[in-house]
Structure formats: C-alpha cells, structure tokens
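Numbering (the numbering used here), first residue to last: 3 to 481.
Yeah, the Cβ is synthetic: ideal placement off N, Cα and C, and Gly gets one too.
The structure displayed is predicted, hence computed values, not measured ones.
Quick notes on the structure that follows.
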C-alpha cells in the first residue's frame, strides 16, 4: 500500500538514493568507500541504469558522495553533524506553563500554503488509506446498528481483543479486559496520571519531552521534574534513581522506543533496569509506546510492559502515527485494580470513543495486513529521516547538531549560537514553512535554540525549497 501511494510524491531514484544514504549513515559504506558501480546497483535493485545514475547524482547533490573520474563514486566522509547536547541534571520540579503555544503550530499544519515540518503527523501517503476505507465499508455494511450506537468504556470488545493479541506478540500478557480504548494516546496518558496523581504532585519526564504530555501536566496542575535524555542512549537512569531516592516522585512518564522528539530507543537492558528501578522504589511508570512499531530492526522492540511483574507500568498506545491519524484511537493497559476507576475517568472526559472508528480498526487488525504495512512504514520513515538529515546538513549552518533517530520519523536539531527558534517560527511561517520550536519540549523554558522536524512529509520540490529557505533564515539570524 505504501509503495503504490508513495509513488505520488517520491520518484524511484529518490527512494534508491534514500536507501543508499541510510546504508552510508549506518556504516555499511564507510567514509572513503567506493559504492557499487551503476550497472551493479541496477542489477542488484532491479532498476534501470538511468534510475541508478539519477540516484547517484541525487546523493552528490546532498553532499553524501563524490565522483572520481574513471573510478566511480565514493563516500565523502562521516556524518558532518554531531549529536545534540545532553541536558544538564539538577533541575527542580516546576509547574508547567505555556502549552497554549502549540495552537499556532497546529493551525500551520492545516494551512495548505505551509510546508509543515512542525506537527508530528505523517503525510497521508504513508498510511494504509485504501485498506482502511475498505475496512470502513465492510463495518458499515455488516454492523450498521452498532455503528449508530456508542461504545461505552472500556470500548469495543472486538478492538480490545485484537489489541491484546497483537501486544501478546510483543511479550505483553494482557487480557482484553485489561485494556481501555481512548481518544488517542494523549488521553490514555491523561487518564493514567489522573489515577496516579493529585494537583501539585511531581512527575518525572524526559528532557526534552513530548509537548502533549506537558499539556496534560499543565491541565492537571502537576509539576514536571526533567530527567536528562541522551540522544544515543535515552533516559538517564542514574539521575532518575537519585530523584526517586530524594524526592516524592508520584509517576515517571517515558517513551522507551523512538522517543519524541529525540527518536532514541532504550536497549532491552536499560528497559529492564528501568522497570526494576520503578519496582524497587514503588514508582509507577506511564509508558508511551506510540512509535513502538516504527523501528526497522527485524522485530518489534519489546515494550516496558513486557517486563512488568508488579503492575507498575501503565501502557499507553495509539494508531494515530501508524495506521490513521484521523481515527484518534488510543488505548491504556493498567493493573486490574484500576479498571473501573479508569473506565469512569474516560466516561467523564468524553463519554465514549467513536464506535465506527473502533470497529474499523478492529476489522483492519483482524485482516492480518498490518504486519506488511508496519514493515513498509518503518522502512519509508527511515528513508525520510535519512533524507531530512542530509538536507539539514546541506542547508543549515555549520555547527548544527542533529539527532540520529532509531525509529519513528522525527528529527531534533540544535542550532549553533543563540538562535531563538520561538522567534524564528514566526518568521518562517511568513515564508510558508513550519517546525516545532524547542521550548515546547521543556516544562518551563529551555531548548530555545532547538527545533523538531517531521520527516514524514511529501518529499517534493516544495519541501526541499522550504528547508533551504529555513536554513537561510537560520543563517541570517547568526549574522
């Protein structure tokens, strides 16, 4: 599905160029290495010679390879940008303020005149739209009466059953009754925190962290305790344990796979250590696994919930980044003792979750097509990330530090100097390009010289020009 729909926005030579770029970034072709000949790569990939030539020219344009007369193409050198800095530890719990700033970003995402790198929503071409449309038609034909009624909490049993089966393949032993269907992952996290915390309580969060979580903390009057997140290893466990020992932390929220915004994935060893840490100090973990299946590793990364034996992990997931953003379907898995409380909390928030959306997703999962889609999506997003990093390294000033995402489709960039990306956003919107300024990812200030960009866009000439223009604006501010 992705292959057919992606042809609308990406040529075959660009796909080949992205594949080769990723292999170079991964070290398969190290600096100075000679790439396969044009004819060899054509035979290997089953494409025409002209396609391979255009792919190599595209890599030359990006500054990734260079041609040597009568010798072929060679990798120019190592990745030019360093990883972003690790935040300093020592912060105190702070009230969350300023979450309303996200409204400007959301408005830009809906503006057809703007190339949106800001909102973390994949372009529709990456979603299984035809399969979802077919599933919707089937559901309305077979279950019209059900679709016309509300599916009260905990949600449609068909969907909860399919989700429990899928999570079992990831190592999570869950009964359908353990799951609560929600309006997206953000509502799942909000309900979990509502059960665990009271106004004024301290919640440990990654630094930087997802701005949607900060919105929830602000709404519930909770204080955020930022814990540094390393761009290569993820959440720093030593500072977290220190916080557990010295402060009354009521909960810890973490995205262990393809975190937002850094894109870092915790190793299995660090995941197990995190769960053990939570059990040792009796601190609940709210796990955001939104991007858990968007990692091209051959197998789905194991969630924290798979190692949860004491009922400390509140597992939150969603279909918005993987299958269909418009469905707004999420889910929460929690210890059995909280089932009734969580269902009532969801009922009081929104009464129910869209019934046709639940049944459509359940039917799509039951068809078994999702595994092929997930593999294709993870591969496509990996290509998009490689493309975005190459464009940033080409058009942004020297000294820009760029993340190396281990999944998902988000890229975090740290600009040199004292460029204020909040002020830069207003100027860039006037030029028709949006991004998410770094301050959105801190509870009360910080990361002002950083930005998050969505790589899962339609990679056309408009997107390339937008990044070139954005890089020019950054250079202008540096003088």
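| Where does residue 373 sit, in a helix, a strand or coil, going by DSSP? | Three-state DSSP puts residue 373 in a helix.
| said: For the alpha helix (DSSP H) containing residue 31, name the first residue and the last one. | reply: In the DSSP annotation of this structure, residue 31 is not part of any alpha helix (DSSP H), being labelled neither H nor E.
| request: Have a look at 268, 261, 23 and flag the residue whose alpha-carbon is nearest the alpha-carbon of residue 2. | output: Given that the chain is displayed from residue 3 to residue 481, the structure contains no residue 2 and the question cannot be resolved.
| request: Counting only runs of 3+ residues fully inside the stretch 363-449, write out the beta strand (DSSP E) ranges in chain order. | output: 412-416, all fully within the stretch 363-449.
| said: One question on the structure: do residue 209 and residue 444 come within less than 8 Å of each other, judged by their Cβ atoms? | reply: Here residue 209 is near residue 444, since their CB atoms are less than 8 Å apart.
| Distance between beta carbons of residue 222 and residue 195, contact taken as under 8 Å | That pair is a contact at about 6 Å.
| said: Rounded to the nearest angstrom, what separates residue 284 and residue 314 at their Cα positions? | reply: Taking the straight line joining both Cα atoms gives about 8 Å.
| query | If you pair each beta-carbon of the stretch 362-369 with each one of the stretch 136-148, do three or more pairs fall below 8 Å? | reply | The answer is yes - the stretch 136-148 touches the stretch 362-369, with three or more Cβ pairs under 8 Å.
| said: Please return the same chain residues whose Cβ sits closer than 7 Å to the Cβ of residue 56, not counting the five positions on each side in sequence. | reply: Answer for residue 56: 15, listed in chain order.
| query | Is residue 248 buried or exposed, if buried means 16 or more other CB atoms sit within 10 Å of its CB? | reply | Classification for residue 248: exposed.
| said: Since residue 205 and residue 253 should fall inside the 8 Å C-beta cutoff, what is the C-beta to C-beta distance between them, to a whole number of angstroms? | reply: Taking 8 Å as the upper bound for CB-CB distance, residue 205 and residue 253 are in contact here, some 5 Å apart.
| Nearest to residue 47 by alpha carbon, out of 63, 66, 70, 22? | Ranking the options by Cα distance to residue 47, first place goes to 22.
| said: Using the three-state DSSP reduction, which class does residue 86 fall into: helix, strand or coil? | reply: Residue 86: coil per DSSP, three-state reduction.
| task | Report the option in 232, 333, 308 whose CA atom is closest to the CA atom of residue 408. | result | Nearest to residue 408 by alpha-carbon distance, out of 232, 333, 308, is 232.
| Taking Cβ to Cβ, would you say residue 89 is nearer than 8 Å to residue 258? | In this structure, residue 258 does not lie closer than 8 Å to residue 89 by Cβ.
| Are there three or more Cβ pairs, one per stretch, closer than 8 Å when the stretch 265-281 is compared with the stretch 311-326? | Because the criterion of three Cβ pairs below 8 Å is met, the stretch 265-281 and the stretch 311-326 touch.
| task | Starting from residue 240, follow the beta strand (DSSP E) in both directions and report where the run begins and ends. | result | Careful: residue 240 lies outside any beta strand (DSSP E), inside the alpha helix (DSSP H) at 239-248.
| request: Could you say which of 123, 66, 45, 172 lies nearest to residue 31 if we only look at CA atoms? | output: Of the listed residues, the one whose Cα sits closest to residue 31 is 66.
| query | According to the Cβ coordinates, are residue 20 and residue 377 closer than 8 Å? | reply | Not a contact, by the Cβ cut-off of 8 Å.
| Ordered along the chain, which non-local residues of its own chain (more than five positions away) have a Cβ less than 8 Å from that of residue 11? | Model confidence at residue 11 stands at a pLDDT of 44, short of 50, so the residue's coordinates are unreliable and nothing is read from them.
| Cβ pair residue 293, residue 273 closer than 8 Å | No. Outside cutoff.
| field | With 16 other Cβ atoms within 10 Å as the buried cut-off, status of residue 51 | value | Per the 10 Å Cβ criterion, exposed.
| query | For residue 340, which residues from the same chain have a beta carbon less than 7 Å from its beta carbon, with the 5 sequence-adjacent residues on both sides left out? | reply | Its chain contains 197 as the residues whose beta carbon lies nearer than 7 Å to that of residue 340, once the 5 sequence neighbours on both sides are disregarded; these appear in chain order.
| query | According to the neighbour-count rule (16 or more other Cβ atoms, all chains shown, within 10 Å of its Cβ), is residue 456 buried or exposed? | reply | Result: buried.
| query | What is the DSSP secondary structure of residue 289, reduced to helix, strand or coil? | reply | Note: residue 289 maps to strand in three-state DSSP.
| request: Give the DSSP bridge partners of residue 60, in chain order. | output: The partner list for residue 60 (beta bridge, DSSP) is empty, contrary to what the question assumes.
| field | For residue 298, three-class secondary structure by DSSP | value | DSSP places residue 298 in coil when its eight states are reduced to three.
| message | Please report the straight-line C-alpha distance between residue 3 and residue 182, rounded to a whole angstrom. | response | Note that residue 3 has pLDDT 43, beneath the 50 cutoff, so the model's placement of it is unreliable and the number below is only indicative. Spanning the two alpha carbons is a distance of roughly 29 Å.
| Since residue 53 sits in a beta bridge, which residues does DSSP pair it with? | DSSP output for residue 53 lists no bridge partner at all.
| query | What are the boundary residues of the alpha helix (DSSP H) that includes residue 471? | reply | First-last of the alpha helix (DSSP H) with residue 471: 463-480.
| Would you say residue 98 and residue 446 are within 8 Å of each other, going by their C-beta atoms? | Going by C-beta atoms, residue 98 is nearer than 8 Å to residue 446.
| request: Specify the secondary structure class of residue 326 as computed by DSSP and reduced to three states. | output: Here residue 326 carries a coil assignment [DSSP, helix/strand/coil].
| When burial is assigned at 16 or more other CB atoms within 10 Å of the CB, is residue 29 buried or exposed? | Result: exposed.
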